[in-house]
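*Asks:* With my numbering applied, the sequence shown corresponds to residues 2 to 109, in that order.
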Amino acid sequence: MKNRIDETRPQAARGNRLRRWTGLALVLLTGFLFTSCAPESIGFAEAAVKEPLGFWYGLWHGIICPITFVISLFDSDVAIYAIYNNGAWYDFGFVLGVGTLMGGSRSS
2 MKNRIDETRP
12 QAARGNRLRR
22 WTGLALVLLT
32 GFLFTSCAPE
42 SIGFAEAAVK
52 EPLGFWYGLW
62 HGIICPITFV
72 ISLFDSDVAI
82 YAIYNNGAWY
92 DFGFVLGVGT
102 LMGGSRSS
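(1) Can you name the residues that DSSP bridges to ASN17?
(2) Can you say whether ASN86 is buried or exposed, counting buried as having 16 or more other CB atoms within 10 angstroms of its CB?
(3) Please look up how many angstroms separate the CB atoms of GLY55 and TRP90, rounded, as I've assumed it's under 8 Å.
(4) At which residues does the alpha helix (DSSP H) containing PRO67 begin and terminate?
(5) Going by C-alpha to C-alpha distance, which of LYS51, TYR58, GLY32 sits closest to ILE68?
(6) Measuring straight from C-alpha to C-alpha, what distance separates LYS51 and VAL79?
Right, here's the structure in full:
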């Protein structure tokens, strides 16, 4: 009579491999999503023509801040913070986005 543990061992190994590949796929997908949505660089001449960025852009820029920071180290045309914004609402969204990403008050 075989041991019951020996019978479930191939299923456990298959489950571990599936979890590992699923986790890797999720990390890669998230990385591609964040890097594909990095804010485009806006020159000062172009910024004067466009409408100022508001709360939702501030929130999004705050969420993707770490990725944008890494990109800004290698590309001088990319900035973490949009200069041409509508003021307090953009700032509020940016701070809220960064705080949400970093775990908020839960991490302290």
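Positions of the beta carbon are idealized from the N, C-alpha and C atoms, including for glycine.
*Replies:* This is what the structure gives:
(1) Residue numbering aside, residue 17 sits at position 16 when the sequence shown is read from its first letter. According to DSSP, which records beta bridges pairwise, ASN17 is partnered with nothing at all.
(2) As a working mapping, residue 86 is identified with position 85 in the sequence shown. It counts as buried.
(3) As a working note, residue 55 is residue 54 in the sequence shown. As a working note, residue 90 is residue 89 in the sequence shown. Right, their Cβ atoms sit about 5 Å apart.
(4) Here residue 67 corresponds to residue number 66 of the sequence shown, with the count starting at 1. Unbroken alpha helix (DSSP H) run through PRO67: 66 to 75.
(5) Counting from one through the sequence shown, the residue named residue 68 turns up at place 67. The shortest C-alpha separation from ILE68 is found at GLY32.
(6) Sequence index remark: in the sequence shown, residue 51 carries index 50 (1-based). Sequence index remark: in the sequence shown, residue 79 carries index 78 (1-based). Looking at the two C-alpha atoms, the distance is approximately 17 Å.
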